[in-house]
Amino acid sequence: MRRAQSVRHYARPSLALGADDLGMLKESPDESNEDVLRRQLLEKDRENDKLQTQIQSLQAQLAQRPPLETIQALEREYKNLELLLQGTQRENERAMTELERGKTREKMLERELSKLAGENWQANLEISPSPPAFIPRSATSFLQAAQSLAGSADQSGDKGSKPSNEETMAHIEQVRLLILGMEQRLATREDKLTKAMARADSEGTKFEEMRKKVLAA
Numbered sequence: 293m294r295r296a297q298s299v300r301h302y303a304r305p306s307l308a309l310g311a312d313d314l315g316m317l318k319e320s321p322d323e324s325n326e327d328v329l330r331r332q333l334l335e336k337d338r339e340n341d342k343l344q345t346q347i348q349s350l351q352a353q354l355a356q357r358p359p360l361e362t363i364q365a366l367e368r369e370y371k372n373l374e375l376l377l378q379g380t381q382r383e384n385e386r387a388m389t390e391l392e393r394g395k396t397r398e399k400m401l402e403r404e405l406s407k408l409a410g411e412n413w414q415a416n417l418e419i420s421p422s423p424p425a426f427i428p429r430s431a432t433s434f435l436q437a438a439q440s441l442a443g444s445a446d447q448s449g450d451k452g453s454k455p456s457n458e459e460t461m462a463h464i465e466q467v468r469l470l471i472l473g474m475e476q477r478l479a480t481r482e483d484k485l486t487k488a489m490a491r492a493d494s495e496g497t498k499f500e501e502m503r504k505k506v507l508a509a
């Protein structure tokens, strides 16, 4: 009850301008109250027009934006491409590691051939150097060259060295087979690496285009 009485004592403020307020808003003494109100109305109309223009501009910008479903689909595709690119990079790293291992084994075989056929083993065995891997002209020419080397060694030595020459020939044949197998594996890995790098470049281009679309959205 006391609260109701206290509320009754406060009168609600009037929103209408009093005569004193209108007098303060007059730009000249000859201006009437109607002129003041008319001028204020014009100013409010101008402000309203500016706000309407801003609203229309914002609505036009909003209409140009793609739908939310499209943005979400682009984000999902962006993440998928990012994961795919990471997987391709890991695959490239593994392929490079395998290639380095192959080169290391190639060096070991070259040292073994140097021990068996001398420092000029490439010329003696008719193997032309072709980086990154050495490629025999043919298995027949390789074997014929090895037999020629073994025959010359047999003629220069005594009869007791024949078993040693046969062991050397067998060892050279094993090395030849290792070389052929390594060449095939290296060629296969290099082909896979080339394809993986091309795929990574293509995916990187798609990834960059997708990133630009997401940023533009």
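293 is the number of the first residue of the sequence shown in this note's numbering; add one for each residue after it.
The beta carbon of each residue, even a glycine, is placed where N, CA and C say it ideally should be.
I need the boundaries of the alpha helix (DSSP H) containing residue i, first residue and last residue.
i	result
residue 406	360 to 409
residue 340	325 to 356
Can you check whether the C-beta of residue i is within less than 8 Å of a C-beta belonging to chain C?
i	result
residue 476	The structure shown contains no chain C; it is built from a single protein chain.
Would residue i and residue j be called neighbours here (beta carbons separated by less than 8 Å)?
i	j	result
residue 488	residue 383	yes
residue 464	residue 408	yes
residue 502	residue 360	no
residue 470	residue 405	no
Beta-carbon within less than 6 Å of residue i's beta-carbon, same chain only, minus the 5 sequence neighbours each way: which residues are those?
i	result
residue 394	478
residue 413	405, 406
residue 490	none
residue 500	none
residue 357	none
residue 485	387
residue 368	none
residue 344	none
residue 466	none
Measuring alpha carbon to alpha carbon, tell me which residue in the options is nearest residue i.
i	options	result
residue 381	475, 340, 346, 493	493
residue 391	503, 483, 504, 501	483
residue 398	473, 499, 498, 485	473
residue 496	379, 466, 461, 415	379
Near residue i, what residues of its chain come up, given a Cβ to Cβ distance below 8 Å and the 5 sequence neighbours on each side ignored?
i	result
residue 504	none
residue 334	none
residue 353	none
residue 350	none
If residue i and residue j are in contact, beta carbons under 8 Å, what's the gap, nearest whole angstrom?
i	j	result
residue 387	residue 468	With a Cβ gap of about 26 Å, residue 387 and residue 468 do not count as contacting.
Only counting the same chain, and skipping five residues up and downstream in sequence, which positions put a Cβ closer than 7 Å to that of residue i?
i	result
residue 411	none
residue 498	373
residue 462	none
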